[in-house]
Amino acid sequence: MKRILLRSGKSPYDVVPVEQALHQDVIATNAGNLIFSDAAHKILETPRAEVVSNGIRTNVAAAGRINEEYDAFVVPLANAFRPSFEPQLRRLTQLISKLRIPVVVPGIGAQTGLDYNPARLKPMEPAVREFVAAVLERSASIGVRGEFTERYLKDMGFRDVEVIGCPSMFMYGRELDVRKNAPALGPESRVAINGSHSAVKSQGLDGVIRRAHARYPHLRFVGQNLSDARQLHWRDLSDPNGSVTAMPTHPDHPMYREDKVRVYVDPVTWIDDLRGFDFSFGSRIHGNIAALLAGTPATVLCGDSRTLELCRYFGIPHRRINTLTQDLDPAELYAEADFGALTGGHQERFDRFMGFLERNGLENTFTHGDGGAAHEKRLRSLAFPAGIRPWNDADVASLTSRFGWLQTRIGELSTDNAKLKRELDKARKTAAKPAAAAAPQRSVYRIARRAVGRPLRKALQAGRQ
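Per our numbering, the sequence shown starts with residue 98, numbered consecutively.
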């Protein structure tokens, strides 16, 4: 049995309560990460291969154990070639450099503007070079998301670069059925909209949301950020993004008050819910890929190179967000959306992706397994939490679930502190300088206040509203 270590926030089979998911950040700040990591998990799971999640953490000290326990390390990434990700990229390089097993990267992207100008990436070029070199020493090629990233790496001198898109689009294999079930959108249509904070704040999406909210009574906004989820579940506005009142995830937004907002911590519930919609649009690439996987038509409003190159590669209907008009109606996007290139070219792209895996020594469930049937059956046997909804309730049941979790956290921290106190008391009796042992205790109390204090205060405030 081959054992594959997969970089992912959690296994698709992990049923994590909402409070715990937010506390541990299993979505790695963005729920879209789970779409492509869950797809990779399913694809790589065969009768001869076990897939294990690493919990997203990059522990360089674990290199020896990884070499002993695993046969390959698979690292699905999104827009990893961006300045804000450089520290994480360097840590990944440090870990990979210590590995003796194959390391496979199935779909990584560079992020710059819609003009594909790589100038902003120049300062981090050394980090990118070191990462790609370390990967290519341990694999036949590196998989990239699209044309811009391919050119970006080839201009650095790397040749073993393959355009394969993103694993998320192959979650259900060779078939992809997306079709319009109505000739046009109308007031009774169910429309899903998604968008990043930057798209809402500075790229005109706030106006599009307002107008769509007025025209479509069944409109739903689907957020993806950890801060979005915390706003819905805890009414937590402590994140800097919490000041964006134009975001439907903000408690002051009318869509929040009308229960027309969701955030998902499991792709299976996310995709299932989108099956009931007529159309999805917005600036979130994986928010719209979730819709396409559900068979629901979608259009991406591209705001950067990472979304644009992926849409161009897969033939996903899209518009550049900087061309949006003030009176944009989703009915217009729906009418012009053509899914012929998306569905017609899917099998060829699927074969290309499977060929990439084979060249890198990895089997896939569609060629070497049951096509993911066992995987899907196991998912359907589990009770995943529903999408996170706005906390507008003041009933006892709503308060009980949240306070119950907080009480459990307080109990766990109290137990840990009591154990630490006993250890410190013992150390004081034997240590020559007992004062030196007091610092860790103060640190633990600070951690406890941060872990429990903020959500407790927010919960109390929400309960009084």
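The beta carbon of each residue, even a glycine, is placed where N, CA and C say it ideally should be.
Note that the structure is a prediction, hence the values are computed from the model and not measured.
Status (buried if at least 16 other CB within 10 Å, exposed otherwise) for residue i
i	result
L316	buried
T462	buried
E445	exposed
M266	buried
G508	exposed
F479	Looking at the sequence shown, residue 479 is not Phe but Leu. It counts as exposed.
N419	exposed
A438	exposed
T497	exposed
S150	buried
Whole-Å CB distance - residue i paired with residue j, under 8 Å assumed
i	j	result
R145	M221	R145 to M221, Cβ: 38 Å. No contact.
Y410	G243	5 Å
F245	E406	5 Å
H383	G210	Wrong, their Cβ atoms sit about 20 Å apart, outside the cutoff.
R403	N176	4 Å
Proximity to residue i [Cα-Cα], best of the options
i	options	result
D435	R416, A311, V112	R416
T155	I132, L103, F255	L103
V148	M352, L407, A177, R100	R100
D325	R307, Q300, R308, N291	N291
G484	V358, L496, R197, R403	V358
F182	W331, A125, A118	A125
T464	F450, R475, R477, E473	F450
R307	M344, L273, T190, W331	M344
Q423	D111, V305, V225, D448	V305
A136	A158, Q117, I198, I368	I368
L323	P351, H294, K298	H294
M487	E355, K518, P223, G262	Going by the sequence as given, residue 487 is Pro instead of Met. Looking at the Cα atoms, E355 is the closest of the given residues.
G262	A309, V201, C408, E166	C408
N489	T505, L459, V365, R332	R332
Close-in-space but distant-in-sequence residues of the same chain around residue i (CB under 6 Å, 5 per side omitted)
i	result
S286	D375
R372	A391
K195	A160
Y313	V288
L273	T440, H443
Own chain, CB closer than 8 Å to residue i, minus 5 neighbours either side, in chain order
i	result
H347	Q328, L334, G339, V341, Y353
S238	D257, V258, E259, F453, R456, N457
G283	A428
Y269	L390, G469
Same chain, Cβ closer than 7 Å to residue i, neighbours up to 5 away in sequence not counted
i	result
I386	I132, S265, M266
P394	V275, K277, F376, Y431, A434, F436
L553	Unreliable placement is indicated for L553, whose pLDDT of 47 sits below 50; no coordinate value is reported for it.
V123	G106, K107, V113, V362
V115	H330, V362, P482, I485
What residue ranges within the segment 248-336 form continuous alpha helix (DSSP H) runs of no fewer than 4 residues, ordered along the chain?
-> 294-299, 302-312, 323-331
Ignoring anything shorter than 4 residues or poking outside the segment 465-501, list the alpha helix (DSSP H) runs there in chain order.
-> Segments of the alpha helix (DSSP H) lying fully in the segment 465-501: 470-477.
Write down every uninterrupted run of the beta strand (DSSP E) in the segment 384-465 whose length is 3 residues or greater and which is fully enclosed by it, in chain order.
-> 395-399, 415-417
Quick one: which unbroken alpha helix (DSSP H) runs of 4-plus residues sit fully inside the segment 108-173? Chain order, please.
-> 115-121, 129-141, 160-166
Mind pulling the beta strand (DSSP E) runs of 3 or more residues that sit fully within the segment 351-389?
-> 358-360, 376-379
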